[in-house]
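So for the sequence shown, our numbering puts the first residue at 272; every next one is plus one.
The structure under discussion appears below in the form of structure tokens.
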Amino acid sequence: MPQSELLSGAPEFRIQLPKDGGEARGHLLAEFGGNGTHKFLLRQGSLVVAEAWPGLGDHARGHREALRASGTLVDAPPVGGEPETPPRWLMTRDVECNSSSAAAALVYGYAASGPESWRTAEGHPLADYLSTGWRAPRKAWLVRGSNVSGRNLVRQLWLEEGIVSLAAAHLPPLDETDPTKSALRRFVEDGYEGAASYSQKRGLVDELHAFLTQMRVGDTVATIGDGQLHIGRITDRAVQTSSPGGLSNLRRSVSWLPGSHAYEELPEEVQQKLSVQHDVVDLTGVLDALDALTGQTDPVSPIASGSSGEESAVERQTPRELRLPEISEALATELLVHDHAWLQEMRELLADEKQLVFYGPPGTGKTYLALKLAEYLGGGPEQVKIVQFHPSYAYEDFFEGFRPVEDPETRDVAFRLTAGPLRELADLASREGNRHIPHLLIIDEINRANLAKVFGELYFLLEYRDRSVRLTYSGDDFPLPPNLFVIGTMNTADRSIALVDAAMRRRFAFVELSPRAEPTAGLLARWLRREGRDQEPAHLLDALNALIQDADFAIGPSYLMKPGVYRDGGLARTWRTKILPLLEEYHYGEGLDVPGRYGLASLRKQLP
Numbered sequence: 272m273p274q275s276e277l278l279s280g281a282p283e284f285r286i287q288l289p290k291d292g293g294e295a296r297g298h299l300l301a302e303f304g305g306n307g308t309h310k311f312l313l314r315q316g317s318l319v320v321a322e323a324w325p326g327l328g329d330h331a332r333g334h335r336e337a338l339r340a341s342g343t344l345v346d347a348p349p350v351g352g353e354p355e356t357p358p359r360w361l362m363t364r365d366v367e368c369n370s371s372s373a374a375a376a377l378v379y380g381y382a383a384s385g386p387e388s389w390r391t392a393e394g395h396p397l398a399d400y401l402s403t404g405w406r407a408p409r410k411a412w413l414v415r416g417s418n419v420s421g422r423n424l425v426r427q428l429w430l431e432e433g434i435v436s437l438a439a440a441h442l443p444p445l446d447e448t449d450p451t452k453s454a455l456r457r458f459v460e461d462g463y464e465g466a467a468s469y470s471q472k473r474g475l476v477d478e479l480h481a482f483l484t485q486m487r488v489g490d491t492v493a494t495i496g497d498g499q500l501h502i503g504r505i506t507d508r509a510v511q512t513s514s515p516g517g518l519s520n521l522r523r524s525v526s527w528l529p530g531s532h533a534y535e536e537l538p539e540e541v542q543q544k545l546s547v548q549h550d551v552v553d554l555t556g557v558l559d560a561l562d563a564l565t566g567q568t569d570p571v572s573p574i575a576s577g578s579s580g581e582e583s584a585v586e587r588q589t590p591r592e593l594r595l596p597e598i599s600e601a602l603a604t605e606l607l608v609h610d611h612a613w614l615q616e617m618r619e620l621l622a623d624e625k626q627l628v629f630y631g632p633p634g635t636g637k638t639y640l641a642l643k644l645a646e647y648l649g650g651g652p653e654q655v656k657i658v659q660f661h662p663s664y665a666y667e668d669f670f671e672g673f674r675p676v677e678d679p680e681t682r683d684v685a686f687r688l689t690a691g692p693l694r695e696l697a698d699l700a701s702r703e704g705n706r707h708i709p710h711l712l713i714i715d716e717i718n719r720a721n722l723a724k725v726f727g728e729l730y731f732l733l734e735y736r737d738r739s740v741r742l743t744y745s746g747d748d749f750p751l752p753p754n755l756f757v758i759g760t761m762n763t764a765d766r767s768i769a770l771v772d773a774a775m776r777r778r779f780a781f782v783e784l785s786p787r788a789e790p791t792a793g794l795l796a797r798w799l800r801r802e803g804r805d806q807e808p809a810h811l812l813d814a815l816n817a818l819i820q821d822a823d824f825a826i827g828p829s830y831l832m833k834p835g836v837y838r839d840g841g842l843a844r845t846w847r848t849k850i851l852p853l854l855e856e857y858h859y860g861e862g863l864d865v866p867g868r869y870g871l872a873s874l875r876k877q878l879p
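And the structure:
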């Protein structure tokens, strides 16, 4: 089989596998795949993660299985001779993938963004080498017209005459069919001098550019009038004409579909997009949902080759539903949770509330449980991000803010708008192709920061996921994607849970992890049985917690679930250096003999 032509000017790209598991290598190909992006050649000798995560799509899963069955993927020896390296497969020949994302999914074992995952040797993302000229075959747009200088043009003009329009009374005659944004900026600066603020002018340029240049014949267009969503198809190019009062100088012909849809009955993702306060809004991200409302399909969508390993066009038109995976018995066994139903309840809480907090004393496994649960529900580690709050943590750290950045060539330093972990994860979750995949943010020690300061206007979005807000720094209209979930952890030993304000309590579900109640109470005993160890540490921990009157200072089992505890003298050392200091703090100022009351010798006398 002849090798496909490599994309000229594009270097070799690499993916570093987790836990020092080696790397995969590949090149962009000149040929385009079925989804409109360059194909990708995965090189012989690349290493591939052997485990497939629950979120991996059926096509990618089948591709991996076929390569395994054909001998293209074989067992690889441990990297560096380390036996604890997770199992990997070795690629015995070059493999052509339909896109860089398909290649990344093959390598990682979970759905991943190829343009961001693949990097050059210098660390530059593959996205820097992709052409930006490609446009989706069909896009969708919202154009507002229910209040144009007090007139409801949707009812009075658009639906009757089969058009959609923009008011552009001060725009000069346009000679170009598709004027550039820079040309429109000059026209707006000249024509609207003194008639609009700088912010209004900037918004008007964006809206005019979208209406005149970005919209195409065949695109879907939607508008809201009298609480109803109307949907149609653009049938002609934009024309400039005179109109009474200059309310509809720019027009496009539209074939409006019969019927309408009540706003309150629209899918959440559509309501979210419609809440953006601009006269022209790109709705391409919810095009599938709009098609589902009307029963329309895209007649010009390209059909992907059956040999590409990707989904067909028909399959791509069907929106995939966001859902959290059901909890498996294997996960309950791995986490040593006594009751499978308890984990299932956590899944349902997240599905309903979107945000929950695990709270309890130290050592109860809050962060460990949050991480394991998040990776399982998200279908892989790429869908999970963890941050830890602290007193100096701020909105600029968490979401976005201006930070000093050094130019690598000139060494000059400038302040640039930089995304924080929440914005990065939200952008990843809202990408096309990712919207049905759960993404989870873990906030460790969530009560350590000033939450109102850290969340800012995002506090509103935690409760109203169908809305968007204007961001402080970038000015973007930002919604929290419906597939973004938040799990927080909170230590109660310092009484800080009592300081959590009502706004946060209303936005999060709270789940207690206590050494005196399951699933934490019997965790150490179950772990000791699995490890084949004596049950004495579990009995000692139970006896200790029976003596502690305040549940917030009870000692969790995690302190005794480490290998060092079971080496010679390890239990006594852990008790002396980890557990007793916590109880010294609890009884500070009381003059109590803490080692005499809570020491191992005293507790062993109480055991039967």
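All C-beta atoms, glycine included, are put in the ideal place defined by N, C-alpha and C.
Notebook entry, point to check: Can we say the segment 514–531 touches the segment 662–670, given the rule of at least three CB pairs closer than 8 angstroms?
Noted result: no
Check: Fully enclosed by the segment 739–819, which alpha helix (DSSP H) runs are 4 residues long or longer?
Finding: List check, alpha helix (DSSP H) in window: 773–778, 794–802, 807–818.
Next item on the list: Round the Cβ separation of glutamine 511 and proline 444 to the nearest angstrom and send it over; I've been treating them as touching at under 8 angstroms.
Entry: If you number the sequence shown from 1, residue 511 lands on position 240. If you number the sequence shown from 1, residue 444 lands on position 173. Confirmed, about 7 angstroms.
Check: Does the distance from the CB of arginine 359 to the CB of arginine 285 come in under 7 angstroms?
Finding: Mapped onto the sequence shown, residue 359 falls at position 88. Mapped onto the sequence shown, residue 285 falls at position 14. Cβ distance not < 7 angstroms, so arginine 359 and arginine 285 don't count as in contact.
Notebook entry, point to check: Considering only residues of the segment 474–508, which uninterrupted beta strand (DSSP E) runs meet the minimum length of 3 residues and lie entirely inside it, listed in chain order?
Noted result: 491–496, 499–505
Notebook entry, point to check: Shortest alpha-carbon distance to valine 561 belongs to which of Ala780, Leu842, Asp550, Glu536?
Noted result: As a first step, residue 561 must be located in the sequence shown, where it is residue number 290. The amino acid at residue 561 is misidentified as valine; the sequence shows leucine. Of Ala780, Leu842, Asp550, Glu536, the residue nearest in Cα terms is Glu536.
Next item on the list: Assign asparagine 721 to buried or exposed, taking buried as 16 or more other Cβ atoms, counted over all protein chains shown, within 10 Å of its Cβ.
Entry: On the sequence shown, residue 721 is found 450 positions in, with the first residue counted as 1. Result: exposed.
Check: Is tryptophan 613 helix, strand or coil when you go by DSSP?
Finding: For this step, residue 613 is matched to residue 342 along the sequence shown. Looking at tryptophan 613 - three-state DSSP - the assignment turns out to be helix.
Notebook entry, point to check: Would you call the CB atoms of leucine 878 and alanine 780 closer than 7 angstroms?
Noted result: As a working note, residue 878 is residue 607 in the sequence shown. As a working note, residue 780 is residue 509 in the sequence shown. Contact: no.
Check: Which class does histidine 334 belong to by DSSP, given the choice of helix, strand or coil?
Finding: Here residue 334 refers to the residue found at position 63 of the sequence shown. In this structure, histidine 334 counts as helix in the three-state DSSP scheme.
Item checked: Assigned secondary structure, phenylalanine 670 (DSSP; H/G/I helix, E/B strand, else coil) -> Mapped onto the sequence shown, residue 670 falls at position 399. In the three-state DSSP reduction, phenylalanine 670 falls in the coil class, being neither helix nor strand.
Next item on the list: Write down the C-beta distance between arginine 415 and threonine 494 rounded to the nearest angstrom, noting that I regard them as a contact closer than 8 angstroms.
Entry: Translated into the one-based positions of the sequence shown, residue 415 becomes position 144. Translated into the one-based positions of the sequence shown, residue 494 becomes position 223. Yes, they are in contact, since the Cβ atoms of arginine 415 and threonine 494 sit about 7 angstroms apart, within 8 angstroms.
Check: Skipping 5 residues on each side, what residues in its chain have a beta carbon closer than 8 angstroms to that of valine 782?
Finding: On the sequence shown, residue 782 is found 511 positions in, with the first residue counted as 1. Closer than 8 angstroms at the Cβ level, and outside the excluded window around valine 782, lie Met617, Leu620, Leu627, Val628, Phe629, Tyr630.
Item checked: Between the CA atoms of histidine 707 and tyrosine 730 - distance to the nearest angstrom -> By 1-based counting over the sequence shown, the position of residue 730 is 459. By 1-based counting over the sequence shown, the position of residue 707 is 436. Roughly 24 angstroms separates the two Cα atoms.
Notebook entry, point to check: The beta strand (DSSP E) with glycine 297 in it runs from where to where?
Noted result: Here the question's residue 297 lines up with position 26 in the sequence shown. Taken as a continuous stretch (DSSP letters only), the beta strand (DSSP E) holding glycine 297 covers 294–303.
Note to self: Using only the alpha-carbon positions, how far apart do tryptophan 527 and isoleucine 434 sit?
What the structure shows: Here residue 527 refers to the residue found at position 256 when the sequence shown is read from its first residue. Here residue 434 refers to the residue found at position 163 when the sequence shown is read from its first residue. Distance between the alpha carbons of tryptophan 527 and isoleucine 434: 8 angstroms.
Notebook entry, point to check: Once you ignore the five residues that flank arginine 591 on each side, which residues in its own chain have a CB closer than 6 angstroms to its CB?
Noted result: Taking the first residue of the sequence shown as 1, we reach residue 591 at position 320. His707, listed in sequence order.
Margin query: Do aspartate 365 and glutamine 315 count as a contact pair if the criterion is CB distance below 7 angstroms?
Written below: For the purposes of this step, residue 315 is identified with residue 44 of the sequence shown, where counting begins at 1. For the purposes of this step, residue 365 is identified with residue 94 of the sequence shown, where counting begins at 1. In contact: glutamine 315 and aspartate 365 (Cβ atoms closer than 7 angstroms).
Next item on the list: Count the CB pairs spanning the segment 545–557 and the segment 458–468 that are closer than 8 angstroms, and state whether there are at least three.
Entry: no
Note to self: Residues in the same chain with beta-carbon distance under 8 angstroms from glycine 380, minus the five sequence neighbours each way, listed in chain order, please.
What the structure shows: Counting from one through the sequence shown, the residue named residue 380 turns up at place 109. Same-chain partners within the cutoff: Val319, Val320, Ala321, Glu322, Ala323, Trp324, Leu327, Arg335, Gly651.
Next item on the list: Label alanine 533 either buried or exposed according to how many other C-beta atoms from any shown protein chain fall within 10 Å of its C-beta, with 16 as the threshold for buried.
Entry: Sequence index remark: in the sequence shown, residue 533 carries index 262 (1-based). The residue is exposed, with fewer than 16 neighbouring Cβ atoms inside 10 Å.
Next item on the list: Using the Cα positions of lysine 637 and tryptophan 429, report the straight-line distance between them to the nearest angstrom.
Entry: By one-based count along the sequence shown, residue 637 stands at place 366. By one-based count along the sequence shown, residue 429 stands at place 158. Rounded to the nearest whole angstrom, the C-alpha separation of lysine 637 and tryptophan 429 is 56 angstroms.
Check: Using a Cβ-Cβ cut-off of 7 angstroms (strictly less than) and excluding sequence neighbours within five positions of alanine 440, which residues of its own chain qualify?
Finding: To locate residue 440, count along the sequence shown from 1; it is residue 169. Hits under 7 angstroms: Gly517, Asn520.
Note to self: Is the beta carbon of valine 378 closer than 7 angstroms to that of alanine 454?
What the structure shows: If you number the sequence shown from 1, residue 454 lands on position 183. If you number the sequence shown from 1, residue 378 lands on position 107. Contact: no.
Notebook entry, point to check: What is the DSSP secondary structure of proline 396, counted as helix, strand or coil?
Noted result: Translated into positions along the sequence shown, residue 396 becomes position 125. Proline 396 falls in the strand class under three-state DSSP.
Note to self: Tell me which residue opens and which closes the beta strand (DSSP E) that arginine 523 is part of.
What the structure shows: Along the sequence shown, read from residue 1 onward, the residue named residue 523 stands at position 252. Here the beta strand (DSSP E) through arginine 523 covers 521–527.
Check: Are leucine 642 and leucine 794 close, meaning C-beta to C-beta below 7 angstroms?
Finding: As a position in the sequence shown, residue 642 is number 371, starting the count at 1. As a position in the sequence shown, residue 794 is number 523, starting the count at 1. Contact: no.
Note to self: Classify glycine 394: buried if its beta carbon has 16 or more other beta carbons within 10 angstroms, exposed otherwise.
What the structure shows: By 1-based counting over the sequence shown, the position of residue 394 is 123. Under this definition glycine 394 is an exposed residue.
Note to self: Just to confirm the assignment, what range does the alpha helix (DSSP H) spanning leucine 558 have?
What the structure shows: Counted from its first residue, the sequence shown places residue 558 at position 287. Looking at the DSSP string, the run of the alpha helix (DSSP H) that includes leucine 558 is 558–565.
Item checked: C-beta contact flag for alanine 809 and leucine 799 at 7 angstroms -> In the sequence shown, residue 809 corresponds to position 538, counting from 1. In the sequence shown, residue 799 corresponds to position 528, counting from 1. Yes, Cβ-Cβ distance for alanine 809 and leucine 799 is below 7 angstroms.
Check: Which two residues bound the contiguous beta strand (DSSP E) that contains valine 345?
Finding: One-based indexing of the sequence shown puts residue 345 at position 74. Its beta strand (DSSP E) spans residues 344–346.
Next item on the list: Just the C-alpha distance for valine 658 and leucine 693, rounded to the nearest angstrom, thanks.
Entry: Residue 658 sits at position 387 when you count from the first residue of the sequence shown. Residue 693 sits at position 422 when you count from the first residue of the sequence shown. Taking the straight line from one Cα to the other gives about 9 angstroms.
Note to self: Restricting to Cα atoms, I'd like to know which of Thr635, Tyr735, Gln654 is closest to threonine 763.
What the structure shows: For this step, residue 763 is matched to residue 492 along the sequence shown. Residue Thr635 is the option with its Cα nearest to threonine 763.
Next item on the list: Would you mind working out which of Gly870, Pro349, Ser370 sits nearest alanine 398, comparing C-alpha positions?
Entry: The count along the sequence shown starts at 1 and reaches residue 398 at position 127. Comparing Cα-Cα distances from alanine 398 to each of Gly870, Pro349, Ser370, the minimum goes to Ser370.
Next item on the list: Measure from the alpha carbon of valine 488 to the alpha carbon of each residue in Ser524, Tyr469, Gly496, then state which is nearest.
Entry: Sequence index remark: in the sequence shown, residue 488 carries index 217 (1-based). Selected option, being the one with the closest Cα: Ser524.
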